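Read the structure below first, then the notes.
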Amino acid sequence: MSAKIIDGKAFAATVREKVAGHVARLKEEHGLTPGLAVVLVGEDPASQVYVRSKGKATKEAGMLGVEYRLDVDAPQGELLRLIDDLNANPAIHGILVQLPLPSHIDADLVINAIDPAKDVDGFHISNVGLLGTGQKSMVPCTPLGCLMMLRDHHGSLSGMDAVVIGRSNIVGKPMAQLLLGESCTVTIAHSRTKDLPEVVRRADIVVAAVGRPGMVTGDWIKPGATVMDVGINRIDAPEKGEGKTRLVGDCDFDSCAEVAGAITPVPGGVGPMTIACLLANTVTACRRINGLAEPEGLTA
Ligand code: GUN
6 MSAKIIDGKA
16 FAATVREKVA
26 GHVARLKEEH
36 GLTPGLAVVL
46 VGEDPASQVY
56 VRSKGKATKE
66 AGMLGVEYRL
76 DVDAPQGELL
86 RLIDDLNANP
96 AIHGILVQLP
106 LPSHIDADLV
116 INAIDPAKDV
126 DGFHISNVGL
136 LGTGQKSMVP
146 CTPLGCLMML
156 RDHHGSLSGM
166 DAVVIGRSNI
176 VGKPMAQLLL
186 GESCTVTIAH
196 SRTKDLPEVV
206 RRADIVVAAV
216 GRPGMVTGDW
226 IKPGATVMDV
236 GINRIDAPEK
246 GEGKTRLVGD
256 CDFDSCAEVA
266 GAITPVPGGV
276 GPMTIACLLA
286 NTVTACRRIN
296 GLAEPEGLTA
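The sequence shown runs contiguously to residue 305 in the working numbering.
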């Protein structure tokens, strides 16, 4: 193996320390406590795990963390009323509605009901438009985390060829916008892309976000490229015992690490940065809502 392993867990710990410092200063200097509301509809087990860890991280950073749980068959109007209340609540600076939502709820309508200033996911159509036009916005957490790690590793990304695999609103599209903002030449590849391995082989930076375990193999990677693996896929692991599972990324780690210059592992790569950036966005939202300067080192 030749690639440097980018330790997302360690990097996330430094971001969280920075966040905790900002939170302490907000309290001391302005009497403000950043508040994050996380809303979960239903009982999806994976979503419950995410929501719990988001709540724990908020409290560890010294913020106010409030969790709202609605029944799986809660009417859409109930969720919209809750969002209205949170929009109007001065103690809440960030609102996150955990996705996916049950099928009777219009997720776009719900996301666009959140006050854009409190949209710490960066999914509101206003924030999407602001990011797309290079204006100050709330930036989705996972792409923001990837960008922070890429900047830390490379310094300037200007002129690099970047290939983003996956065109989701949560990762692929905002990631591409951020890389474009860094003056990369950006390709968004997806399931219909012709000769995907050949496209990926052109990349100095590969961001894989497709949800297909081990899809990207070492022979797709340009020697020395940086590989950001956003995939979090749970697969059977009979070698660990009957019924056991393990987490793997979208990249086949061993073969990619033979060729890449740097790579994020799964687990312990991009994943921990997502929650760290949610905390960072909550601080950013709190400062902006209160007319304070941008927090250093926490924004795109
Ligand atoms: N579900 C999976 N990822 C995310 C995310 O980043 N934000 C929200 N709200 N839901 C998710």
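C-beta atoms are modelled at their ideal positions from N, C-alpha and C, and glycine is treated no differently. As the structure is a computational prediction, the values presented were derived from the model and not from experiment.
Going by DSSP, Asp224 is part of no beta strand (DSSP E) at all; its letter is neither H nor E.
Each residue's CA atom was taken as its position, placing Leu104 and Val28 some 27 Å apart. The beta-bridge partner set that DSSP reports for Gly40 consists of Leu69. The Cβ atoms of Met180 and Val20 lie no closer than 8 Å to each other. Its chain contains no residue whose beta carbon lies nearer than 6 Å to that of Asp224 once the 5 sequence neighbours on both sides are disregarded.
Distances from the CA of Gly26 to each of Asn295, Ala285, Ala305 were compared; the closest alpha carbon is that of Ala285. Residue environment analysis places Thr269 among the buried positions, since at least 16 neighbouring C-beta atoms fall within 10 angstroms of its C-beta.
Bridge partners of Thr231 according to DSSP: Ile210, Ala267. Gly177 and Val168 do not touch by the CB rule: their CB atoms are close to 11 Å apart, not below 8 Å.
At a cut-off of 4 residues, the continuous stretches assigned as alpha helix (DSSP H) that sit fully inside the stretch 49–123 are 50–65, 81–93, 112–116. Under the three-state reduction of DSSP output, Thr287 falls in the helix class. In this structure, the beta-carbon distance from Thr304 to Thr289 falls below 8 Å.
Spatial neighbours of Pro272 in its own chain (CB-CB distance under 7 Å, excluding positions within 5 residues in sequence) are listed in chain order as Leu252. Relative to the ligand GUN, Cys189 has its C-beta separated by 7 Å or more from all heavy atoms.
In this structure, Val102 has its CB closer than 7 Å to one or more heavy atoms of the ligand GUN.
In this structure, DSSP gives Thr192 an extended state, which the three-state scheme calls strand.
For the pair Asp120 and Pro145, the CB atoms are not nearer than the 8 Å cut-off. Taking C-beta atoms as the reference points, Thr222 and Ser196 fail to come closer than 8 Å. Taking each of Thr198, Ala208, Val204, Ala8 in turn and checking the Cα distance to Gly164, the smallest one comes out for Ala208. Assignment of beta-bridge partners to Val46 by DSSP yields Leu75. For a cut-off of 8 Å, the C-beta gap from Val212 to Cys151 is around 6 Å, short enough to register as a contact.
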